[in-house]
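Its first residue numbered 38, the sequence shown is counted upward by one per residue in our numbering. By construction, the Cβ of each residue, glycine as well, lies at the ideal position given by its N, Cα and C atoms.
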Amino acid sequence: MSLADILKVSAYPGYSEHHTGRAVDIGSPDCAHLTEAFEATREFSWLAEHAAGFGFVLSYPRDNPHGIAFEPWHWCLTPAPCKT
Ligand SMILES: [Zn+2]
């Protein structure tokens with residue numbers, strides 16, 4: 038693969054949200070892991086409805102501005118707002 042194609046599906050070394058400790062990849066027994074098929078699972082439906090309530094966002098939705106492929110399994114805890 039070319040570097041450009043690799044960077045569509047994987048972050049540049051050292052730049053993954055997983056390195057922050059805030060990102061998780063979630064799977065389902067109903068589909069292969071780390072595939073777009075996760076979007077059709079009940080687990081994804083639950084996440085789409087409830088994850089924001091726990092502070093998580095889908096980092097790479099379809100057509101995201103980062104140029105990263107759609108990753109319905111990858112969710113990241115957003116930083117807490119600063120308290121004054
Ligand atoms: Zn991930």
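Exercise for the section: Run the proximity test for H70: is its beta-carbon closer than 6 Å to any non-hydrogen atom belonging to ligand 1? Expected result: no
Problem - Distance CB(C68)-CB(V94) smaller than 7 Å - result: no
Problem - Cβ pair H103, D62 closer than 7 Å - result: no
Exercise for the section: Report the option in A117, E108, V46 and L44 whose CA atom is closest to the CA atom of G64. Expected result: E108
Problem - Separation of F81 from H70, as counted between CA atoms - result: 12 Å
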